[in-house]
Each structure stands twice: as structure tokens, then as C-alpha cells.
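Enquirer: Note that the sequence shown covers residues 100 to 406 in the numbering used here.
Ideal placement from N, C-alpha and C gives every residue a C-beta, glycine not left out.
Structure below; questions to follow.
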Amino acid sequence: MLIKRPPDIKSSEITQKELYLNRRQFMLSASATAVTAGAALAGLDVFPGSRQAVGAEQFANVKKSSYSTSEKQNSFKDITNYNNFYELGPDKEDPAANAKYFTPTRPWTVAVEGEVKKPKTYDIDALTKLSPLEERVYRLRCVEAWSMVIPWIGFPLNALIKLAEPTGNAKFIQFVTLHDPKRMPGQKLPIMEWPYVEGLRMDEAMHPLTILSVGLYGQVLPAQNGAPIRVVVPWKYGFKSIKSIVKIRFVEKQPPASWNMMQPQEYGFYSNVNPEVDHPRWTQATERRIGEFLRRKTLMFNGYGDQ
Ligand SMILES: Nc1nc2c(c(=O)[nH]1)N[C@H]1C(S)=C(S)[C@@H](COP(=O)(O)O)O[C@H]1N2
Ligand SMILES: [Mo]
Numbered sequence: 100m101l102i103k104r105p106p107d108i109k110s111s112e113i114t115q116k117e118l119y120l121n122r123r124q125f126m127l128s129a130s131a132t133a134v135t136a137g138a139a140l141a142g143l144d145v146f147p148g149s150r151q152a153v154g155a156e157q158f159a160n161v162k163k164s165s166y167s168t169s170e171k172q173n174s175f176k177d178i179t180n181y182n183n184f185y186e187l188g189p190d191k192e193d194p195a196a197n198a199k200y201f202t203p204t205r206p207w208t209v210a211v212e213g214e215v216k217k218p219k220t221y222d223i224d225a226l227t228k229l230s231p232l233e234e235r236v237y238r239l240r241c242v243e244a245w246s247m248v249i250p251w252i253g254f255p256l257n258a259l260i261k262l263a264e265p266t267g268n269a270k271f272i273q274f275v276t277l278h279d280p281k282r283m284p285g286q287k288l289p290i291m292e293w294p295y296v297e298g299l300r301m302d303e304a305m306h307p308l309t310i311l312s313v314g315l316y317g318q319v320l321p322a323q324n325g326a327p328i329r330v331v332v333p334w335k336y337g338f339k340s341i342k343s344i345v346k347i348r349f350v351e352k353q354p355p356a357s358w359n360m361m362q363p364q365e366y367g368f369y370s371n372v373n374p375e376v377d378h379p380r381w382t383q384a385t386e387r388r389i390g391e392f393l394r395r396k397t398l399m400f401n402g403y404g405d406q
């Protein structure tokens with residue numbers, strides 16, 4: 100199903116459409132997610148000046164977070180068409196184009212296991228209701244020196260950690276992405292060891308800035324941004340923010356992390372954004388904000404040093 104925006108759509112019609120969408124109170128349904136991805140593919144889904152993509156399920160009662168930056172946000176179109184998600188292809192345009200193989204991303208479960216007193220496999224809908232959802236407008240700074248400002252919807256990872264009750268042995272958390280080459284065709288390519296894995300030290304995982312995101316721009320997470328649930332750690336390079344997770348495992352030793360395993364001399368385990376430490380092949384002192392022409396200075400810890 101392809102929803103096209105007539106070029107001369109009137110603002111009165113937009114309002115009608117939005118009211119209609121809200122009234123429908125879209126269920127967390129496979130079809131809603133599929134429509135989002137399909138429409139995003141066409142690149143025609145966003146009404147200019149509106150935060151909504153036609154047909155996508157909207158979250159209600161999302162609190163604004165005081166942790167948000169007031170910087171100009173990137174457009175929904177940029178955020179959903181310029182991605183790193185190797186499971187859906189190695190080029191920036193691939194994830195949007197290949198999202199159709201990955202959707203629908205429901206049903207979905209996330210297993211919380213390892214060094215915890217309360218291991219549990221959560222259904223994505225239960226996980227989404229685990230803690231009040233907030234909008235967190237964060238910068239995401241890729242190690243490849245581009246960045247975006249994205250209005251994420253999510254909740255602090257520490258809410259889930261507290262429920263799991265880590266044992267004294269839990270020093271790190273490992274995150275694992277879905278491994279399903281049929282739905283993630285990039286996994287047929289030997290570009291890295293699959294599944295994608297990442298890790299955080301327990302204090303980093305508990306930090307109030309670290310979130311599990313289930314949406315952006317007020318709606319469910321598009322497939323190419325890591326549907327249905329991903330990590331966002333705003334003071335670290337983008338590759339730490341692992342997408343489409345199925346496992347959260349509490350462990351004693353520092354767990355393997357995909358980019359670190361692939362090129363240990365280029366990507367460390369901690370990978371805090373630091374403009375003073377260059378990548379062996381390029382500078383990290385500046386970055387290109389997607390949609391802008393001039394490069395800007397990269398901030399220490401991506402601007403999250405104070406927290
Ligand atoms: N599973 C998985 N997670 C991933 C990646 C990936 O290839 N696979 N790419 C990472 C990188 S390098 C970046 S910069 C961000 C990009 O997130 P975005 O596409 O939502 O902007 O996702 C990260 N999470
Ligand atoms: Mo990245």
C-alpha cells in the first residue's frame with residue numbers, strides 16, 4: 100500500500116487526516132508498521148511542517164524530557180533515508196530500500212537473561228509499557244563524522260535493569276540484534292560476524308541518558324532505525340546504539356562488540372565521542388550535520404559532558 104501526498108494538499112485536509120488518524124487509535128499492529136516503512140520508501144510520507152507520517156501509529160501522552168537538546172531537528176525524511184544498518188545493506192540508502200524485507204517487526208520478544216535475579220522474556224508491547232515514554236531529542240554522532248538531531252521516543256534503560264535485579268556479578272550488559280537473514284538480507288554478506296552485538300559497562304547502562312527507544316517523531320520506530328526497539332547512548336559513537344535487539348544479557352566480563360571485533364585498532368569498546376582523538380583514517384574534530392553544508396565542530400562527549 101502506497102500513500103501519496105498530492106503536491107497541492109491543503110492544510111485543512113492535513114488537519115482532517117491527523118484527526119482521523121488519532122481517532123482510529125491505531126493498535127500496535129503489524130500493518131501500521133508495514134505501512135510506515137512502505138511509505139517511507141516512497142519518500143512521500145511526510146507532510147511538510149508536520150511531525151507525522153501518514154498511516155503510522157502515533158504514541159499518545161509522551162512527556163518531553165529535560166535532557167533534550169533544543170537544536171534544530173533533522174527532518175523525518177533525512178532520519179529515515181540516511182542510515183547505518185548493515186543488516187539491511189551497507190550503503191546509507193539501503194536500509195530504507197530494504198525495510199520491506201524486515202517488516203512487520205511484530206510479534207517481537209526481548210529476552211533479559213544472565214546475571215539477574217528476575218530473568219524474563221518480554222513481549223515488545225509489554226516492554227513499551229514498562230515505563231512512561233518520553234521524547235528525548237538527542238544528537239546521534241556516527242563515527243563516520245556525520246550527525247543528526249533526532250526526537251527519539253523511549254524510556255531509560257535503567258528502568259528495565261532495576262526490574263531485572265542484577266546480581267553482584269553483573270558488570271556489563273551485552274545486547275544482541277535479531278539474526279534472521281531472510282528478513283535481514285545484509286546478514287547474507289560476510290561484512291561482519293552476525294548477529295550484531297554491543298555492550299555497555301553497568302554504570303553506563305544505568306546512566307539516565309541511556310535509553311531504549313521504541314519510536315521517533317512521535318510514532319513507532321521505522322524499520323530502518325532499528326524497529327521495534329534499540330539502544331540510544333548519546334555520548335558515544337553511533338555504532339554503540341545497537342538496533343532491533345532481541346537479547347539483553349547481564350555478564351561479568353566485557354562482552355564482544357561488533358565494530359570493536361571487526362577493527363579493534365579503529366573502534367574501541369568504550370568509544371565515547373572525543374574530538375581530540377582522531378580516527379586513524381579521518382579527523383573526529385568536526386562533523387557534517389546531515390542537511391547542512393558547513394561542517395561543525397564535534398563537541399566533547401557529543402555535548403553530553405556535563406551530565
Ligand atoms: N544492529 C545494528 N545496529 C546498528 C548498526 C548496524 O549496522 N546494525 N549501525 C550503527 C551505527 S554505525 C549508527 S551510526 C547508528 C545509526 O542509527 P540511525 O540509522 O537510526 O541514524 O546505528 C547503529 N546501530
Ligand atoms: Mo555509525
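Give me the Cα-Cα distance between SER370 and THR202, rounded to the nearest whole angstrom.
Expert: Approximately 31 Å between the Cα atoms of the pair.
Enquirer: Would you check if there are 3 or more beta carbon pairs closer than 8 Å linking the segment 348-360 to the segment 326-335?
Expert: The segment 348-360, when compared against the segment 326-335, does not touch it at the 8 Å Cβ threshold.
Enquirer: Mind checking whether THR276 and PRO294 have CB atoms under 7 Å apart?
Expert: Contact: yes.
Enquirer: Which whole-angstrom value describes the C-beta separation of ASN324 and LEU315, a residue pair presumed to lie in contact below a C-beta threshold of 8 Å?
Expert: Confirmed, about 6 Å.
Enquirer: Compute the minimum distance between the beta carbon of PHE368 and the heavy atoms of ligand 1, and state whether it is under 6 Å.
Expert: Not so, every heavy atom of ligand 1 lies at least 6 Å from the Cβ.
Enquirer: Is ASN183 near ligand 1, judged by its Cβ being under 6 Å from some heavy atom?
Expert: Result yes, Cβ under 6 Å from ligand 1.
Enquirer: Please go through the same chain and pick out, in chain order, the residues whose beta-carbon is closer than 6 Å to the beta-carbon of MET361, but skip the five residues on each side of it.
Expert: These residues qualify, in order along the chain: MET291.
Enquirer: Cβ-heavy atom distance between ASN324 and ligand 1 below 6 Å?
Expert: Under cutoff, so the answer is yes.
Enquirer: Is the separation between the beta-carbon of PHE349 and that of PRO265 shorter than 7 Å?
Expert: In this structure, PRO265 lies closer than 7 Å to PHE349 by Cβ.
Enquirer: Check the DSSP bridge columns for ASP222 and list the partner residues they point to.
Expert: ASP222 pairs with THR208.
Enquirer: My guess is that CYS73 and ASN183 are in contact by the Cβ rule of under 8 Å, so how many angstroms apart are they, rounded?
Expert: Because the chain here runs from 100 to 406, residue 73 falls outside it and cannot be looked at.
Enquirer: Using only CA atoms, which one of SER174, ALA198 and ARG387 lies nearest to LYS396?
Expert: Cα-wise, what sits closest to LYS396 is ARG387.
Enquirer: Please go through the same chain and pick out, in chain order, the residues whose beta-carbon is closer than 8 Å to the beta-carbon of PRO189, but skip the five residues on each side of it.
Expert: The answer, listed in chain order, is GLY285, LEU288 and ILE290.
Enquirer: Go ahead and label LYS342 buried or exposed: buried means 16 or more other beta carbons lie within 10 angstroms of its beta carbon, across all protein chains shown.
Expert: Per the 10 Å Cβ criterion, buried.
Enquirer: Out of curiosity, what's the CA-to-CA distance linking LYS261 and LEU393?
Expert: Roughly 43 Å between the two C-alpha positions.
Enquirer: Can you give the beta carbon distance from PHE271 to LEU308, rounded, assuming they're within the 8 Å contact cut?
Expert: Not a contact, Cβ separation roughly 18 Å.
Enquirer: Contact check, ARG238 vs TRP251 under 8 Å by CB: the rounded distance?
Expert: Not a contact, Cβ separation roughly 11 Å.
Enquirer: Could you say which of MET283, LYS163, ASP302 and GLY367 lies nearest to TYR200 if we only look at CA atoms?
Expert: For the residues MET283, LYS163, ASP302 and GLY367, the minimum Cα distance to TYR200 belongs to MET283.
Enquirer: Where do the N-terminal and C-terminal ends of the alpha helix (DSSP H) with ILE178 fall, by residue?
Expert: From DSSP, the alpha helix (DSSP H) with ILE178 extends over 175-180.
Enquirer: Confirm the yes/no value for this check: CB of PHE400, any heavy atom of ligand 2, distance under 6 Å.
Expert: Result no, Cβ not under 6 Å from ligand 2.
Enquirer: Kindly indicate which residue of ASN373, SER246 and GLU365 has the alpha-carbon position closest to the one of LEU171.
Expert: Looking at the sequence itself, residue 171 is Lys, so the reference to Leu does not match. If we check each option's Cα against that of LYS171, SER246 comes out closest.
Enquirer: Helix, strand or coil, according to DSSP, for ASN373 in the structure here?
Expert: The answer is coil: DSSP assigns ASN373 none of H, G, I, E or B.
Enquirer: Secondary structure at TYR237, three-state DSSP: helix, strand or coil?
Expert: In this structure, TYR237 counts as strand in the three-state DSSP scheme.
Enquirer: Count the other CB atoms within 10 Å of the CB of HIS306; is the residue buried (16 or more) or exposed (fewer)?
Expert: Answer is buried; the Cβ neighbour count reaches 16.
Enquirer: Got a sec, what are the start and stop residues for the alpha helix (DSSP H) MET301 sits in?
Expert: Run containing MET301: 301-305, per the alpha helix (DSSP H) assignment.
Enquirer: In this structure, does DSSP put GLN406 in helix, strand or coil?
Expert: Looking at GLN406 - three-state DSSP - the assignment turns out to be coil, as it is neither helix nor strand.
Enquirer: For GLU365, name the three-state secondary structure that DSSP assigns.
Expert: Residue state, collapsed to three classes: coil.
Enquirer: What do you get for PRO321, buried or exposed, if any count of 16 or more other CB atoms within 10 angstroms of its CB means buried?
Expert: Buried, since its Cβ has 16 or more Cβ neighbours within 10 Å.
Enquirer: Could you pull the start and end residues of the alpha helix (DSSP H) that LEU262 belongs to?
Expert: Counting along the chain, the alpha helix (DSSP H) containing LEU262 begins and ends at 256-263.
Enquirer: Which same chain residues end up closer than 6 Å to ARG329 when comparing Cβ atoms and leaving out the 5 residues on each side of it in sequence?
Expert: Counting only Cβ-Cβ distances below 6 Å, and skipping sequence neighbours, we find SER312 and LYS342.
Enquirer: Tell whether a beta-carbon distance below 7 Å holds between GLU351 and ASN268.
Expert: It is a contact, given that the beta carbons lie within the stated cut-off.
Enquirer: Would you give the residue range spanned by the beta strand (DSSP E) that PHE349 belongs to?
Expert: PHE349 -> beta strand (DSSP E) spans 344-350.
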